[in-house]
Structure formats: structure tokens, C-alpha cells
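A.B. asks:
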Amino acid sequence: MPEGHSVHRIARQFDRNVVGHRVAASSPQGRFAEGAAVIDGRTATQVRAVGKQMFLEFDDDIWLRVHLGMYGAWDFAGEIIVDPTIASANGRMGQTNQRGTDLPPVFDAAGENSLTSIGAPRKARGHVRMSEQTRGLADDGEQWPPPIVGQVRLRLLTEATSADLRGPTACQLQTPEEMAATVASLGPDPLVDDAAAGEERFAAVVRRKPTPIGLLLMDQSVVSGIGNVYRAELLFRARLDPHTPGRDVPDEVVRGIWRDWVRLLAIGVETGQMMTMDDLDPDAYRRAMASRDDRHWVYHRAGLPCRVCGTAIVLEEMAARKLYWCPNCQR
DNA sequence: GCTTTATGGAGAT
DNA sequence: TCTCCCTAAAGCC
252 MPEGHSVHRI ARQFDRNVVG HRVAASSPQG RFAEGAAVID GRTATQVRAV
302 GKQMFLEFDD DIWLRVHLGM YGAWDFAGEI IVDPTIASAN GRMGQTNQRG
352 TDLPPVFDAA GENSLTSIGA PRKARGHVRM SEQTRGLADD GEQWPPPIVG
402 QVRLRLLTEA TSADLRGPTA CQLQTPEEMA ATVASLGPDP LVDDAAAGEE
452 RFAAVVRRKP TPIGLLLMDQ SVVSGIGNVY RAELLFRARL DPHTPGRDVP
502 DEVVRGIWRD WVRLLAIGVE TGQMMTMDDL DPDAYRRAMA SRDDRHWVYH
552 RAGLPCRVCG TAIVLEEMAA RKLYWCPNCQ R
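So for the first sequence, the numbering used here puts the first residue at 252; every next one is plus one.
1. Just to confirm, is the Cβ distance from L516 to H256 under 8 Å?
2. Among R546, F283, P279 and R299, which one has its Cα closest to the Cα of V443?
3. What are the boundary residues of the alpha helix (DSSP H) that D502 is part of?
4. Is it buried or exposed, C485, if we count other Cβ atoms within 10 angstroms and call 16 or more buried?
5. Which ranges would you report for the alpha helix (DSSP H) in the region 377 to 465 if only whole runs of at least 4 residues count?
6. What's the call for I399, buried or exposed, on a 16-neighbour Cβ count within 10 Å?
7. Taking I313 as the reference, give the member of L407, V480, V258 and E429 with the closest Cα.
8. Determine the burial state of C560: buried for a count of at least 16 other Cβ atoms within 10 Å of its Cβ, exposed for fewer.
9. Taking only three categories from DSSP, how would you classify L315?
10. Return yes when the Cβ of A276 is within less than 8 Å of the Cβ of I261, no when it is not.
11. Determine the direct distance from the alpha carbon of V565 to that of I332, and round the result to whole angstroms.
12. Output yes or no for whether 8 Å exceeds the beta carbon distance between C422 and R404.
13. Could you tell me which of Q264, Q581 and E330 sits nearest to T490, measuring between CA atoms?
14. Can you tell me whether L388 is buried or exposed, with buried defined as 16 or more other CB within 10 angstroms of its CB?
15. Per DSSP, W548 forms a beta bridge with which residues?
16. What whole-angstrom Cβ distance do V434 and V456 have, given they're in contact under 8 Å?
17. Report yes if the C-beta distance between R376 and E330 is below 8 Å; otherwise report no.
18. Looking only at C-alpha atoms, which of G519, Y550, A570 and S436 sits nearest to P463?
19. Where does S277 fall in DSSP's three states?
20. Candidates M540, A539 and N579: which alpha carbon is nearest D492's?
21. May I ask you to list the residues that DSSP assigns as paired with Q304?
22. Candidates R316, V379, G478 and Q471: which alpha carbon is nearest P427's?
23. Whole angstroms is fine: what's the gap from T562's alpha carbon to D310's?
24. Looking only at its own chain, which residues have a Cβ that is under 7 Å from the Cβ of K573, when we skip the five neighbours before and after it?
25. So, helix, strand or coil for M540, using DSSP?
26. Report the CB separation of P397 from G323 in whole angstroms; it is logged as a contact under 8 Å.
27. Tell me whether F283 sits in a helix, a strand or coil according to DSSP, three-state version.
28. Return the first residue and the last residue of the alpha helix (DSSP H) that G255 is part of.
29. Within 10 Å of its beta-carbon, does R263 have 16 or more other beta-carbons around it, so buried, or fewer, so exposed?
30. Helix, strand or coil for P533, going by three-state DSSP, please let me know.
31. Would you check if the distance between the CB atom of E450 and the CB atom of R514 is smaller than 8 Å?
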């Protein structure tokens with residue numbers, strides 16, 4: 252999925268373009284027809300992102316909970332107000348390729364659909380997918396509303412903007428109580444919780460569990476928003492063996508991981524890319540960034556030499572997910 | 001055109 | 001630990 256950074260970016264898009272607007276809601280695919288009917292005609296009142304989940308509130312205390320899962324995506328089209336705090340240097344937002352690595356920022360040569368925004372937010376005509384699959388900025392032509400393409404679970408339409416949801420693992424309406432219960436089940440999110448309080452909660456849980464730290468980082472009740480890419484990269488950056496039981500990880504190392512997550516998440520939200528090699532020297536960084544499929548310390552680098560020590564990166568299954576790590580550096 | 005793959009998670013066993 | 005669900009693009013023939 253979009254790991255936590257993507258969800259926060261998407262929430263900001265909703266804040267800019269949908270909150271405060273009356274929406275027309277529909278489920279072209281039909282699988283959320285009842286829910287869409289409830290939302291239809293209501294005004295969106297606020298949006299919240301916690302970890303990998305987004306909550307959009309409508310009139311009368313109706314909350315829409317969306318979890319994108321591994322394949323979910325929001326496509327925005329129309330007149331999109333770009334949030335300057337999430338606009339990437341060259342325009343595209345939150346876009347990554349199918350292989351699990353981030354695409355470098357792509358410049359839209361024509362400029363027409365460029366969503367670049369520096370300074371004050373501005374409106375741009377265009378189409379942007381905020382998720383994990385590759386898709387260029389579509390030339391939507393003048394069609395409004397945009398044609399339905401593929402399986403659209405939910406379409407939210409304001410006067411000027413459309414947002415199409417496809418492939419979510421969860422899309423449901425919740426009461427305020429249900430929404431609060433969902434949020435309560437989630438571990439701290441650096442962009443939601445006070446950083447110091449989040450660190451305390453995280454450290455306290457990790458330090459008393461016998462569970463391998465590699466599993467704890469993926470457990471959304473322990474810490475929110477970390478997925479398979481950030482998990483592998485955080486552990487490498489901490490030079491920590493993923494199998495180390497949480498309670499055996501020194502307190503300062505646990506706290507270091509939390510602080511590193513705070514930093515990486517902020518970079519991710521800002522750039523739309525899972526940048527995890529910000530501390531690499533400039534030349535090596537440039538070389539790594541030049542390759543789409545090889546832009547992390549260990550993620551997706553099975554068999555390739557460790558960037559630090561040259562040892563072959565190991566790929567193993569941990570709880571049915573792929574875990575990449577350097578057996579020499581991380582111990 | 002068919003197979004594989006993916007940044008996730010719930011529920012059954 | 002296993003099975004299932006969700007969707008689309010990349011890779012392969």
C-alpha cells in the first residue's frame with residue numbers, strides 16, 4: 252500500500268479540494284452503492300489520516316473510512332488545488348512504479364498538466380493518481396465529469412474536482428464511535444500524535460514484547476503507517492537484525508527508530524517518495540536515484556551487494572511478507 | 001494474451 | 001500459518 256506518507260498526502264488533497272464542498276457520490280462499480288447513496292448530496296466537513304487509514308467526515312456525523320490496502324488508489328481530476336506542502340519538486344505526486352520503488356520526479360514537458368506548486372496553492376487542470384501504481388497524467392480532454400475507467404468503487408464529485416477510489420481493502424461508513432474505536436486501535440502516528448508521547452508509547456510496547464522487531468514495525472497497533480519498504484529501510488538504518496526480540500533492543504535504539512520514522516515520514520509526505528537514503532553521500536545518492544529499481548538501502552535488493560559492506564542482501568519471508576536485510580551490517 | 005507481482009490486513013485454523 | 005480479497009501494470013510467451 253501506500254505507506255503512511257501517501258495517506259497523509261491524499262488527506263491533504265481532500266482537505267484542499269473536497270472538504271467544505273457538497274459532493275455527488277456514486278459507486279460506478281456498484282460495490283459501495285448503499286454507502287455512496289448515504290453520502291450523496293452531503294457536504295464533507297473534515298478529513299483525518301491516521302497511519303494507513305483515511306477518514307472523511309460528512310454532515311450528520313457520518314464518517315467514511317478508507318484503507319487502500321496494497322492496490323488501492325485515488326485518482327483526482329479536474330481543477331485541482333495543489334497543496335504546496337505536498338507538491339513534489341517537479342509536479343507529480345505520490346507516484347511510484349509497480350516494482351515497489353519510487354519513481355523519480357517526472358517533469359511534464361508540456362507544462363500543461365504540471366501540478367508544480369511553489370508558494371501559494373493554485374489550481375491546475377489535470378489528473379493525478381495518488382497511490383502506488385504508475386500512471387501518467389492523463390489528458391482528460393474537456394470531458395466533465397471524466398469518463399469512468401476500470402473498477403471505480405466510489406466517485407466523489409464536487410463542482411470542480413473528481414476523486415475516484417479503486418481497489419481499496421476497506422471502504423465503509425462509520426459512526427463517530429466506530430471511527431474513534433478504529434483510531435484507538437492504531438499505534439502512534441508521528442503526524443497525529445505528539446512526537447514525544449508517540450515515542451513513549453512506541454518504546455514502551457516494543458520494549459516488553461518478545462516479538463521480533465521486524466514484525467513489530469509492521470504491526471499497526473504498535474506504530475502506524477510503516478509498511479514493508481519503510482520497515483526494511485528503518486531496520487537497516489538502525490543496523491538492527493530484524494529477528495531481534497523487541498524487548499532485547501536497547502532503549503536508545505528503539506527510540507532512535509521512532510525518531511528516524513518521524514524524519515522519514517516527514518520527507519515522504521513532502522516529496523511523495525520513500526526517500527530513505529538521505530544520508531548517502533551526494534555522488535552515491537545521484538547514482539542510486541538514477542535507477543528506478545534500486546533506490547533503497549536494502550528494499551528489493553535481494554542478492555545485490557550491500558551499499559555499505561558488499562555482502563549480498565538477504566531476502567526471507569517473515570510472516571508471509573518479504574523481508575530484505577544485510578546479515579553483516581544488521582546484527 | 002496469460003502470468004506474476006505488489007508498499008496490506010482480516011479471518012479461519 | 002494459511003487463505004482470501006482487492007486491481008492494474010509489468011513481464012513473458
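In this text, a Cβ means the ideal position worked out from N, Cα and C, and glycines have one as well. Keep in mind it's a predicted model, so treat the numbers as computed, not measured.
C.D. replies: With the given structure in hand:
1. Closer than 8 Å, so yes.
2. Selected option, being the one with the closest Cα: R299.
3. Element bounds for D502: D502 to T522.
4. Correcting the residue type first, residue 485 is Leu in the shown sequence and not Cys. Within 10 angstroms of the beta-carbon of L485 lie 16 or more other beta-carbons, which makes it buried.
5. Positions of the alpha helix (DSSP H) runs, each at least 4 residues long and wholly inside the region 377 to 465, are given as 427 to 435 and 446 to 457 in order along the chain.
6. Its Cβ having fewer than 16 others within 10 Å, I399 is exposed.
7. Ranking L407, V480, V258 and E429 by Cα distance to I313 puts E429 first.
8. A residue is called buried once 16 or more other Cβ atoms fall within 10 Å of its Cβ, and C560, having fewer, is exposed.
9. Annotated three-state conformation of L315 is strand, per DSSP.
10. Judged by beta-carbon spacing, A276 lies beyond the 8 Å limit of I261, meaning their Cβ atoms are not closer than that value.
11. If you draw a straight line from the Cα of I332 to the Cα of V565, it is about 43 Å long.
12. Against a cut-off of 8 Å, the Cβ pair of R404 and C422 comes out as a contact.
13. Per the sequence shown, the amino acid found at residue 490 is Arg instead of Thr. Checking every option, the nearest Cα to that of R490 belongs to Q581.
14. Note on L388: pLDDT 48, under 50, position unreliable in the model; no value is reported.
15. According to DSSP, W548 bridges with nothing at all.
16. About 17 Å; that fails the 8 Å criterion.
17. Contact check for R376 against E330 passes: the beta carbons are separated by less than 8 Å.
18. The option with the nearest alpha carbon to P463 is A570.
19. Here S277 sits in strand by DSSP.
20. Of M540, A539 and N579, the residue nearest in Cα terms is N579.
21. Paired residues: V301 and H318.
22. It is R316.
23. Approximately 56 Å between the Cα atoms of the pair.
24. Answer for K573: N479 and L566, listed in chain order.
25. In the three-state reduction of the DSSP assignment, M540 falls in the helix class, which pools H, G and I.
26. Wrong, their Cβ atoms sit about 19 Å apart, outside the cutoff.
27. When DSSP states are grouped into helix, strand and coil, F283 belongs to the coil group.
28. Element bounds for G255: G255 to N268.
29. When all chains shown are included, R263 counts as buried.
30. P533: helix per DSSP, three-state reduction.
31. Inclusion of E450 and R514 in the CB contact set at 8 Å is not warranted, their separation being larger than that value.
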